[in-house]
Amino acid sequence: MSTLLKVTPETQPWIGSSDALFSLKQQISLLAQCNLPVHIIGQPGSGKHLAVSHLHQIGKTESQPLIISCVNHWDDKCAATQLDALISQSLRGTLYLKNIDALNNDQAEAIKDYWLNLNTNAQAPRLITSTTIQKHQQALTQTQQSSFLNWLHYHCLELSVPTLAQRREDIPALFNHYKSTCQHIAKLQIDEQAMALLTNYCWPHNAKQLKRCLDKLSFLSHQQEITKPTLVKIFPAMNDAHNQYSETLEPVSAKQVNDEFSALIQSLTACEDPHVFESQHRDSDLYPAPVIQLQAASKPHPALARALEYIDENFKKPLSLSEVASYACVSPSHLSFLFKRYVGQSFKQTLLRIRIKTAMALLREDPYSQVTEVCDDVGFSDLSFFVRKFKSVVGVSPGVYRDQRTKH
């Protein structure tokens with residue numbers, strides 16, 4: 001049986017600042033707050049082991065051990081006996097069972113009770129398992145509903161580790177990290193076209209493959225500056241994958257996408273012409289913000305589309321930038337930057353205009369509407385503030401606006 005006592009005093013940090021990585025770190029922080037079993041799903045080389053280390057570091061103390069056992073190396077004796085021994089070593093720390101899918105049916109049946117009976121208070125050992133995305137998806141199919149992985153799906157908290165392809169923005173940061181920690185990589189210089197090729201490659205074996213690629217470049221390249229032709233010569237598959245990827249892209253220019261995105265944001269928040277904002281769903285929806293369209297055109301930044309969707313669904317409640325950023329899986333400061341870059345105004349200004357725009361629609365649709373009720377319906381807690389802001393945006397007070405609209 002392969003067992004390792006984790007004795008390193010510090011956990012390696014995650015490298016990068018992508019939205020996918022930010023979301024992963026948020027999920028880890030959340031899961032670490034309880035002691036329930038966790039099942040990690042991720043590709044080889046994507047960072048499952050690192051995720052375990054961070055869960056342990058955040059949820060346990062330095063004196064509590066992290067025990068790692070690869071189920072592939074378990075011998076043929078009783079699985080329950082082996083698990084008992086590992087839990088005893090774990091004390092109040094963490095037990096990580098790698099490649100849990102390697103258990104056969106008899107072994108799995110013998111240890112299922114551990115997940116059901118394990119004490120979930122902070123003084124008990126934490127149980128973490130892992131598998132690959134493919135095996136997890138196969139287990140959830142109808143033909144394998146009796147599998148142990150399917151059973152774990154319903155008895156564990158789950159954590160999905162993104163692939164390197166899902167966090168391409170982190171590749172330059174990873175390269176700089178490897179340069180600062182590996183002497184043989186430190187001499188490499190990668191030009192802009194070569195870095196673009198590295199960034200667009202699919203990396204089926206994730207960060208470990210990127211590291212090995214850089215190791216190989218440092219020994220095989222006869223020049224310190226790595227160019228695109230050098231990359232293609234040493235790794236011809238990268239060029240093939242790049243060409244195939246390029247051919248599948250729709251011929252839509254970046255300007256066209258950005259123009260479409262900007263137009264939809266404008267229709268979401270602009271309040272100058274009241275006749276523009278007639279609801280598209282009169283029978284079922286009094287709130288006319290076209291966020292469904294916005295999602296389809298959110299190519300410049302999907303996090304902003306998620307944020308606007310959340311605002312559209314919750315603007316009647318008190319909303320903070322931190323709450324919306326958490327839903328959008330970005331930091332508050334980054335979301336603030338996205339609003340200013342793509343929307344052209346701050347988060348607070350955007351929220352205000354969506355509320356005012358909705359108030360305009362309500363006042364137009366019901367000539368007998370009360371301003372106080374509309375104020376509450378669109379998320380304002382102070383009537384005088386609502387009236388003042390409505391007038392500053394629309395040009396007239398809510399009552400005057402309602403009366404003017406009923407005359408048309």
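Position 118 of the sequence shown, counted from 1, bears residue number 118 in full-length UniProt numbering, the numbering being contiguous throughout.
For every residue, glycine included, the Cβ atom is placed at its ideal position computed from N, Cα and C.
Nothing here was measured: the structure is a model prediction, and the numbers come from that model.
Exercise for review: Output yes or no for whether 8 angstroms exceeds the beta carbon distance between leucine 36 and valine 71.
Suggested key: No. Outside cutoff.
Exercise for review: Would you tell me roughly how many angstroms separate the C-alpha atoms of residue 409 and serine 336, rounded to the nearest one?
Suggested key: Absent from the model: residue 409. The displayed extent of the chain is 1 to 408, so no value can be given.
Exercise for review: State the Cα-Cα distance for the pair threonine 248 and threonine 141, rounded to the nearest angstrom.
Suggested key: With a pLDDT of 37 at threonine 248, under the threshold of 50, the modelled position of this residue cannot be trusted, and the question is left open.
Review point. On the premise that alanine 20 lies in contact with glutamine 166, defined as a C-beta separation below 8 angstroms, what is that separation, rounded to the nearest angstrom?
Key: At roughly 5 angstroms, the Cβ-Cβ gap stays under 8 angstroms, so glutamine 166 and alanine 20 are in contact.
Practice item. Would you list the one or two residues that DSSP bridges to glutamine 189? Key: Glu225, per the DSSP bridge assignment.
Review point. Near threonine 372, what residues of its chain come up, given a Cβ to Cβ distance below 7 angstroms and the 5 sequence neighbours on each side ignored?
Key: Correct list, in chain order: Leu383.
Review point. Just checking my contact of isoleucine 311 with isoleucine 354 at CB under 8 angstroms: how many whole Å lie between their CB atoms?
Key: Isoleucine 311 to isoleucine 354, Cβ: 6 angstroms. Contact.
Point to revise | Proximity below 8 angstroms, CB of aspartate 191 to CB of isoleucine 226 | key: In this structure, aspartate 191 places its C-beta atom within 8 angstroms of the C-beta atom of isoleucine 226.
Check your understanding: Does DSSP classify threonine 131 as helix, strand or coil?
Key -> Residue state, collapsed to three classes: strand.
Exercise for review: Give me the Cα-Cα distance between alanine 124 and glutamine 82, rounded to the nearest whole angstrom.
Suggested key: Cα to Cα, alanine 124 sits roughly 18 angstroms from glutamine 82.
Point to revise | Endpoints, alpha helix (DSSP H) assigned at histidine 56 | key: For histidine 56, the enclosing alpha helix (DSSP H) stretches over residues 48 to 59.
Practice item. Give me the Cα-Cα distance between proline 204 and leucine 198, rounded to the nearest whole angstrom. Key: Rounded to whole angstroms, the gap between the alpha carbons of proline 204 and leucine 198 is 12 angstroms.
Check your understanding: Measuring CB to CB, does leucine 66 end up less than 8 angstroms from tyrosine 96?
Key -> With respect to the 8 angstroms criterion, leucine 66 and tyrosine 96 are classified as neighbours on the basis of their beta carbons.
Point to revise | Environment of histidine 281 [buried if 16+ CB atoms lie within 10 Å] | key: Annotation note: pLDDT 37 at histidine 281 (below 50); position unreliable, no value reported.
Review point. Between leucine 220 and the rest of its own chain, which residues show a CB-CB distance below 6 angstroms, the 5 nearest in sequence each way excluded?
Key: The beta carbon of leucine 220 lies closer than 6 angstroms to those of Ile234 in the same chain, with the five residues before and after it left out.
Review point. For asparagine 150, which option in Gln137, Pro162, Ser160 and Val161 has the closest C-alpha, if you only look at C-alpha atoms?
Key: For asparagine 150, the closest alpha carbon among the candidates Gln137, Pro162, Ser160 and Val161 is that of Gln137.
Practice item. Please name the residue in Gln57, Ala303 and Lys77 whose C-alpha comes closest to that of arginine 341. Key: Per the Cα distances, Ala303.
Check your understanding: Where does isoleucine 15 sit, in a helix, a strand or coil, going by DSSP?
Key -> Three-state result, isoleucine 15: coil.
Check your understanding: Is the region 46 to 56 in contact with the region 151 to 165, if contact means three or more CB pairs nearer than 8 angstroms?
Key -> The region 46 to 56 is in contact with the region 151 to 165.
Exercise for review: From the DSSP output, read off the bridge partner residues of threonine 126.
Suggested key: One point to set straight first is that residue 126 is arginine, not threonine, in the sequence displayed. The partner list for arginine 126 (beta bridge, DSSP) reads Thr94.
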